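Heads up: the structure comes next, in structure tokens.
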Ligand code: PGA
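Given below as structure tokens:
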């Protein structure tokens, strides 16, 4: 039986009261399964309160991004060490919104990835193609380049404590989910690319799918052999919706 990771990316949503209620709802209904790991990634200002609220539970905490710099004169930035200090275990790096809206290049993403692993946290590296790239038949070459940038920086050994999330840009927040077969095809490509460098790391690495995952499509996606869970945006903002996905994972 495979481990499945279901990660909620809250993006820039919520406030103290709504986040606390959302967490309480998730904590009350988490499936009792050792195999299913659940993770929430709130906005920075709420991480410390969330860490406090999830203490003693199996709900893990992650951040949505981090600085590639260790410390110093980087106004507005948050370092990986700070995230570790307050109890984060995971950091999302290279989400497509960071790449497209905030100009994060693949090499900056690779540097962030390295900073996260160096601090002993688990990076969730997001990769994915746009609709134009898919229609031009460039899906694998785009994802290959995004992975190569990280592999050049950290080598395949650097993936031994990492998670990769395949998130087709055209499926994020659009209600258009990749079919299980479309997602599986890309997940297999990613696993085989890693396996060519290290079969053991490839077999163990968790590959998440993200892009309009909901309670009613999660089981179909997570049943595919190379889909080890999901990175959930919109459906992570309501406890019932998130738990429906977690329960689908527990039913696999
Ligand atoms: P979505 O977002 O589930 O709302 O499509 C996924 C993500 O951006 O991680």
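In the working numbering, the protein residues as written are 1188 to 1439.
Even glycine gets a Cβ: it sits at the ideal position worked out from N, Cα and C.
Computed from a predicted model, the values in this text were never measured in an experiment.
Which parts of the segment 1321-1405 are runs of the alpha helix (DSSP H), unbroken and 4 residues or longer, counting only runs that do not cross its ends?
-> List check, alpha helix (DSSP H) in window: 1326-1341, 1367-1382 and 1386-1391.
Could you give the uninterrupted runs of the alpha helix (DSSP H) lying entirely in the segment 1238-1295, keeping only those of 4 residues or more?
-> 1267-1272 and 1283-1288
For residue 1196, the first and last residue of its enclosing beta strand (DSSP E) | Looking up residue 1196 in the chain shown gives position 9. Where residue 1196 is concerned, the enclosing beta strand (DSSP E) stretches over 1191-1196.
For the candidate residues 1267, 1230, 1411 and 1240, whose alpha-carbon lies nearest to that of residue 1369?
-> The count along the chain shown starts at 1 and reaches residue 1369 at position 182. Of the residues 1267, 1230, 1411 and 1240, the one whose Cα lies closest to the Cα of residue 1369 is 1411.
Nearest-angstrom Cα separation, counted from residue 1343 out to residue 1193 = Against the chain shown, residue 1193 aligns to sequence position 6. Against the chain shown, residue 1343 aligns to sequence position 156. Roughly 24 Å between the two C-alpha positions.
Is it the case that the Cβ atoms of residue 1308 and residue 1276 are separated by a distance below 8 Å?
-> Walking along the chain shown from the start, residue 1308 turns up at place 121. Walking along the chain shown from the start, residue 1276 turns up at place 89. In contact: residue 1308 and residue 1276 (Cβ atoms closer than 8 Å).
Leaving out five residues before and five after residue 1207 in sequence, what residues of the same chain have Cβ atoms less than 8 Å from its Cβ?
-> Here residue 1207 refers to the residue found at position 20 when the chain shown is read from its first residue. These residues qualify, in order along the chain: 1236 and 1240.
Residue(s) in a DSSP beta bridge with residue 1130 = For the chain, the structure presents residues 1188 to 1439; residue 1130 sits outside this window and is missing.
Is residue 1343 near the ligand PGA, going by C-beta to nearest heavy atom under 7 Å?
-> By 1-based counting over the chain shown, the position of residue 1343 is 156. Incorrect: residue 1343 has no Cβ contact closer than 7 Å to the ligand PGA.
Between which two residues does the beta strand (DSSP E) carrying residue 1225 extend?
-> As a first step, residue 1225 is located in the chain shown; it is residue number 38 there, counting from the start. In the DSSP annotation of this structure, the continuous segment of the beta strand (DSSP E) that includes residue 1225 starts and ends at 1223-1228.
CB of residue 1424 within 8 Å of CB of residue 1377, strictly | Mapped onto the chain shown, residue 1424 falls at position 237. Mapped onto the chain shown, residue 1377 falls at position 190. Cβ distance not < 8 Å, so residue 1424 and residue 1377 don't count as in contact.
Can you name the residues that DSSP bridges to residue 1419?
-> For the purposes of this step, residue 1419 is taken as residue 232 along the chain shown, with counting starting at 1. Paired residues: 1195.
Going by other Cβ atoms of all chains shown within 10 Å of its Cβ, with 16 needed for buried, is residue 1252 buried or exposed?
-> Position 65 of the chain shown, counting from 1, holds the residue named residue 1252. It counts as buried.
Straight-line CA distance for residue 1291 to residue 1285?
-> As a position in the chain shown, residue 1291 is number 104, starting the count at 1. As a position in the chain shown, residue 1285 is number 98, starting the count at 1. Spanning the two alpha carbons is a distance of roughly 6 Å.
Starting from residue 1428 and walking both ways along the alpha helix (DSSP H), at which residues does that stretch end?
-> Numbered from 1 along the chain shown, position 241 holds the residue referred to as residue 1428. Note, residue 1428: alpha helix (DSSP H), 1426-1438.
If you check the beta carbons only, do residue 1298 and residue 1349 fall under 8 Å apart?
-> Residue 1298 sits at position 111 when you count from the first residue of the chain shown. Residue 1349 sits at position 162 when you count from the first residue of the chain shown. No; because the gap between Cβ atoms is not below 8 Å, this pair is not in contact.
Mind reading off the beta-carbon distance from residue 1311 to residue 1418? Whole number of angstroms is fine, and I expect it under 8 Å.
-> What you label residue 1311 is simply residue 124 of the chain shown in a count that begins at 1. What you label residue 1418 is simply residue 231 of the chain shown in a count that begins at 1. So it is a contact: roughly 7 Å between Cβ atoms.
Is the beta carbon of residue 1400 within less than 7 Å of some heavy atom of the ligand PGA?
-> In the chain shown, counting from the first residue as 1, residue 1400 sits at position 213. Yes, the ligand PGA has a heavy atom inside 7 Å of this Cβ.
Report yes if the CB atom of residue 1238 is closer than 8 Å to the CB atom of residue 1296, and no otherwise.
-> Here residue 1238 is taken as the residue at index 51 of the chain shown, counted from 1. Here residue 1296 is taken as the residue at index 109 of the chain shown, counted from 1. If you check the CB distance, residue 1238 and residue 1296 do not come in under 8 Å.
Among 1324, 1265 and 1318, the one whose alpha carbon lies nearest that of residue 1302 = In the chain shown, the residue the question calls residue 1302 occupies position 115. Comparing Cα positions, the closest option is 1265.
Confirm the yes/no value for this check: CB of residue 1282, any heavy atom of the ligand PGA, distance under 7 Å.
-> The count along the chain shown starts at 1 and reaches residue 1282 at position 95. At least one heavy atom of the ligand PGA is nearer than 7 Å to the Cβ of residue 1282, so yes.
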